[in-house]
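Chemist: Residue numbers (the working numbering), protein chains in the order written: chain A, 1 to 666; chain B, 1001 to 1255.
Note that CB positions come from ideal geometry on N, CA and C, so glycine has one too.
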Amino acid sequence: MSSKLAFRNVKRSLKDYVIYIVTVVMAFSLIFAFNFVSFSSDILELSDMMTNLKYAIIFVSCIIVFVIAWLINYTMKFMFSKRSKEFGTYMLLGIEKKDINRMFLIENMVLGFFSFFFSFFFGIVLGNIISAIVMQLFEMPYQINLSITLAPVLLSTLYFILIYLFTLFRSSRRMKKMKIHDLLYLEKKNEEKIWKRKKNRNILFIIFVILGILGLYFCDYAFVISNDPRMLSYLGISILLLIISLYGITFTLGDFILAFINKRKKIKYKNDNLFVVKNFEAKSRTIGFTLGTLSLLITLTLVCMNMSFIMKDAFENNIEQQAPYDILVEGMYSDVEESWTGKQDNRKKAWEYIDYIHENYEIDDELYYQILTQHNHQVAKYIKDIGNNGLYDYDTYLKVSDYNKLLEMLGAEPIELSDDEYFVTGDKTVQKYLDEIAQEKADIIINGKRLSLKSTTMENFRLGWSTGNSFLIVVPDSIAKNMQVVTELYVFDTKEETTEKDNSKLEQLGYYEFKDGDAYFAYFPVTVRGYYESSNRTAMTIFSFSLLYVSIIFITVVGTILSIQTLSDSTKNKYQYQLLKKLGVEDRGIYKTIRKQVTCNFLFPAIYPIIISVVTSYSINRLFYAVTSASMNYFTSIIITILIFAIIYGIYYIATYMTFKNNIEE
Amino acid sequence: MQKTLEIKNLKKYYGTKSNITKAVNDLSLEVEEGEFVAIMGASGSGKTTLLNCISTIDEVTSGHIFVDGKDITELREKDLAGFRRENLGFIFQDFNLLDTLTIAENISLALIINKEDVNKVDKKVVDIAEKLGIKDILNKYPYEVSGGQKQRCACARALINTPKLILADEPTGALDSKSSRMLLETMDEMNEKFNATILMVTHDSFSASFCKRVLFLKDGKIFNEIRRGEKSRKEFFNEILDVLTLLGGDVASVK
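(1) Got a sec? Which residues, its chain only, sit under 8 angstroms from A:Met483 by beta carbon, not counting five neighbours each side?
(2) So what's B:Gln1149 in DSSP terms, helix, strand or just coil?
(3) Can you give me the start and stop residues for the alpha helix (DSSP H) that A:Gln578 sits inside?
(4) DSSP puts A:Gln484 in a beta bridge; with which residues?
(5) What's the call for A:Glu488, buried or exposed, on a 16-neighbour Cβ count within 10 Å?
(6) Suppose contacts are defined by Cβ-Cβ distances below 8 angstroms. Is A:Phe499 in contact with A:Gly464 by that definition?
(7) Quick check on B:Ile1020: buried or exposed, where buried means 16 or more other Cβ atoms within 10 Å of its Cβ?
(8) What is the DSSP secondary structure of B:Arg1157, reduced to helix, strand or coil?
(9) Would B:Asn1119 count as contacting chain A if we go by Cβ distances under 8 angstroms?
(10) Would you tell me roughly how many angstroms separate the C-alpha atoms of A:Lys77 and A:Tyr625, rounded to the nearest one?
(11) Considering just the uninterrupted stretch of the alpha helix (DSSP H) at B:Arg1084, what are its terminal residues?
(12) Quick check on the DSSP output: the alpha helix (DSSP H) that includes A:Met307 runs from which residue to which?
(13) Considering only DSSP beta bridges, list what B:Val1243 is partnered with.
(14) Report the rounded CA-to-CA distance for B:Glu1144 versus B:Thr1186, giving the unit in angstroms.
(15) Are A:Asn663 and A:Lys574 touching if we call contact CB-CB under 8 angstroms?
(16) Measure from the alpha carbon of B:Ile1039 to the alpha carbon of each residue in B:Lys1218, B:Ser1179, B:Lys1178 and B:Asn1025, then state which is nearest.
(17) How about B:Leu1098: is its C-beta nearer than 8 angstroms to some C-beta of chain A?
(18) Take the Cβ of A:Ile31 as the centre, count every other Cβ of all protein chains shown within 10 Å, and call the residue buried at 16 or more, exposed below.
(19) Check whether the stretch 1128–1139 of chain B and the stretch 1049–1063 of chain B touch, using three or more Cβ-Cβ pairs below 8 angstroms as the test.
(20) Just the Cα atoms here: how many angstroms apart are B:Ala1252 and B:Val1037?
(21) Would you verify that the beta carbon of B:Ile1166 is, or is not, closer than 8 angstroms to some beta carbon of chain A?
(22) Note down, in chain order, each residue of its chain lying with its Cβ closer than 7 angstroms to the Cβ of B:Cys1153, except the 5 sequence neighbours on either side.
(23) Looking only at its chain, what residues have a beta carbon closer than 7 angstroms to the beta carbon of B:Thr1016, apart from the 5 residues adjacent to it on each side?
(24) For the beta strand (DSSP E) that contains B:Tyr1014, what are its first and last residues?
(25) Using the C-alpha atoms, what's the distance from A:Leu603 back to A:Gly123?
(26) Nearest CA to the CA of B:Gly1046: which residue from B:Leu1080, B:Gly1220, B:Ile1091 and B:Phe1066?
(27) In angstroms with no decimal places, state the Cα-to-Cα distance between A:Ser233 and A:Ser226.
(28) Are the beta-carbon atoms of B:Ile1240 and B:Ala1196 separated by less than 8 angstroms?
(29) Kindly indicate the opening and closing residues of the alpha helix (DSSP H) around A:Leu242.
(30) Check for me: the beta strand (DSSP E) holding B:Val1037 runs from which residue to which?
(31) Check the C-beta distance from A:Ala69 over to A:Thr167 and give it rounded, since I have them as a contact under 8 angstroms.
(32) So, does the CB of A:Met91 fall closer than 8 angstroms to a CB anywhere in chain B?
(33) Residues of chain A with CB under 8 angstroms from B:Gly1268, in chain order?
(34) CB-CB under 7 angstroms to A:Ile237, same chain, minus the five flanking residues each way: which ones, in chain order?
(35) Distance cutoff 8 angstroms, beta carbons only. Does A:Lys177 sit that close to anything in chain B?
(36) Could you tell me if A:Tyr490 is buried or exposed, where buried requires 16 or more neighbouring beta carbons within 10 angstroms of its beta carbon?
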């Protein structure tokens, strides 16, 4: 009997369940897609470390299971309240509560399985798109793969079962608590106030704002002292303060605005302000906790997505910084390291090593060059914390011909330098000092000749050039005489792209046994681009994709819940809007009010998170500033993040507004 | 005659300690088998609360309600559904039909729930529909038929199980006067032909005039009671109006 009714209901009320089905399908498509990618053999074969992606995705999925369970529980609660009267009627007719409960559970399970089945197909398509993007990152060809491996299917099924066990349990408890009277009159019941006292709420609002500011300050301070062990405790306090402030502001803002408007009659009685604000205030007081959680999720979404972009840029930039050339051999010889007794021997070995590379690789282009010094501090004196910014605390020079060749190998434009000029190139960490030098236009004297500053740049600088120094002074070839060699380097541009395997081979060859009494090992540090590409791209995939996974799921959850929330309002508000119509408000005016109400609902939980994410991204930037590319700054990354968020959020907003309008018009 | 319904000292209070609403305050009444009783009163007089208590939708604060000799206030929650199924029929102001089922299915639901012989269901539904004049719309959905038809469908559903007591809460509340009249005549017929015991809550004198007895409620207590006896409906209607006028204001305050 109950199963028959359940199936009938599913069939007949499919329209009501659209939101539910779309929610479950989207959530599980995403879960399945990311699991599919992390277990895909194509992806795993990209590099040795790629197995970590699997664990990262599993770890992230554990968090996501909680959020999705909350979402599905919420949707079920919504469906339950929508059909409360129907259930009440069943009970009135004498159907036992446990039978009604069973019927509702069967209905939900049927729909759940149905949606789960569909999400497999969407998941495979989505998974293929994500795989294609990853393969694109690794510059590998991608073939569409429709075969399914068992592991992701089993894992997704496990998540599904866990989520459904939880939600069905919750739902059946909800039903057990319900009395027939509650069911029949649920529609007419007002939501209960969470916060009963009204008096001190304005003061509380201000306190929560102050807590929020403190939280942001601590967060910033934590990144200022990022090397200090106290950093973690500051960050912990900051996160706690921000969470309290997020919830607190959500609870109190409605009343604060109302109090503000009540005192200003001009705003209060202007157009439909009173109607919209009252609605909004009722909302923040009754479902403040849900709204607070939504704000929290939006904050996490924005921070995660922003981090995802920063990480992507940082890892890409790291390849260019550390391994700009296919093979880079350093540490061949040095004048400045006086304690190094075997350096002539080392030089001989090094040339044998270079010969080996010549024999075994097809070379397109190459350069042998030296970093020079006279132990001056003419430029170095401007770099305040020089100890932190490089290996050497004195000026290091590079011949302009070498510099131009290095640039040419990267495909960049060479510079022109006349005989009485010098040029400084550095990375982002010394940017402000370079700006100072550029402003002062200080001359330097080398070998008795005065050189004037041509210009400075951060563009094109590569850490790999100077074995870790953050700046280099480019001087005319004719000047670079009587100088000591800081280090000798050799760069190659090979015809074929290097790989991880080349790295292990060359690294092994770089070792040689140096006999000086006891056995002693030395080696030439060698940087193979293939290895850096592979490891950085792997790390990038793992970090960026896990973070992106979290943020996309969170947006989906937030969008769906807001949409459900607003639409359930639409049925309740129908009478209010009809009343407005009867009081003589035109259709256009009604649409405008609806638009205002929906906009309020969507904007309210997003504004504070946007403020938090912009400020924290400024703080996080303190940590990532040095490792991201010159074109990347915190502002662009957060703007892109907010834009992407706004687009997805906007789709939900528009869909909700349209449905809301239809509901009222019906 | 057998008493179908007997209420003894029923009290139903709402609210908190400091602010008590006595919706039903020490009320006693008896309804005999085959009676058609109306309960009238202004809004807030406790009509619906009383009905909700009898239908086990609400719990009583104190007192006893006997249906066919059985005290329903003593029933445990899990037995309530069975009790309603076997003893009560309901007709509501807003019909309470299930939108996903056709009219025929809505009527048959009461039978199916009571585990009636499957082969007899269809025949019973058609029979009752014929009597209530809704045979033509059996295969339509609730949203496709008029309010009067919906309410007669609810009547059919209430009647099909031959319950001991039919409870009606403002059944004409959402109907126009023509449909109201038709429905009341139907209910009158149900009472006359099938000997159904009906307890109807209404604030409409015209509806009440169809009954055999009218009870007037004020502040949760029975204020007055009149019987139709051999009077014509018109006379009875006027009598009801007279009582209502009295009910409207406190007699003492009109000195």
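Modeler: The short version:
(1) Leu372, Thr373, Gln374 and Tyr397
(2) helix
(3) Going by DSSP, A:Gln578 is part of the alpha helix (DSSP H) stretching over Arg529 to Lys582.
(4) A:Thr373
(5) buried
(6) For clarity, residue 499 of chain A is Thr in the given sequence; the question names Phe instead. In this structure, A:Thr499 lies away from A:Gly464, with their beta-carbon atoms at least 8 angstroms apart.
(7) exposed
(8) helix
(9) no
(10) 46 angstroms
(11) Glu1077 to Asn1087
(12) In the DSSP assignment, A:Met307 falls within the unbroken alpha helix (DSSP H) covering Gly288 to Gln322.
(13) Per DSSP, none; premise fails for B:Val1243.
(14) 21 angstroms
(15) Yes, Cβ-Cβ distance for A:Asn663 and A:Lys574 is below 8 angstroms.
(16) Its Cα nearest to that of B:Ile1039, the residue B:Lys1218 stands out among B:Lys1218, B:Ser1179, B:Lys1178 and B:Asn1025.
(17) B:Leu1098 has a beta carbon lying within less than 8 angstroms of a beta carbon in chain A.
(18) buried
(19) no
(20) With a pLDDT of only 47 at B:Ala1252, under the threshold of 50, the placement of this residue in the model should not be trusted; the figure read from the coordinates follows. The C-alpha of B:Ala1252 lies about 28 angstroms from the C-alpha of B:Val1037.
(21) no
(22) Leu1097, Ile1103, Asn1106, Ile1107 and Ile1134
(23) none
(24) Lys1003 to Thr1016
(25) 30 angstroms
(26) B:Gly1220
(27) 11 angstroms
(28) no
(29) In the DSSP annotation of this structure, the continuous segment of the alpha helix (DSSP H) that includes A:Leu242 starts and ends at Met231 to Asn262.
(30) Phe1036 to Met1040
(31) 6 angstroms
(32) yes
(33) Given a span of 1001 to 1255 for chain B in the structure shown, any question on residue 1268 of chain B remains unanswerable.
(34) Phe218
(35) no
(36) Taking all protein chains in view, the Cβ of A:Tyr490 is crowded by 16 or more other Cβ atoms within 10 Å, so the residue is classified as buried.
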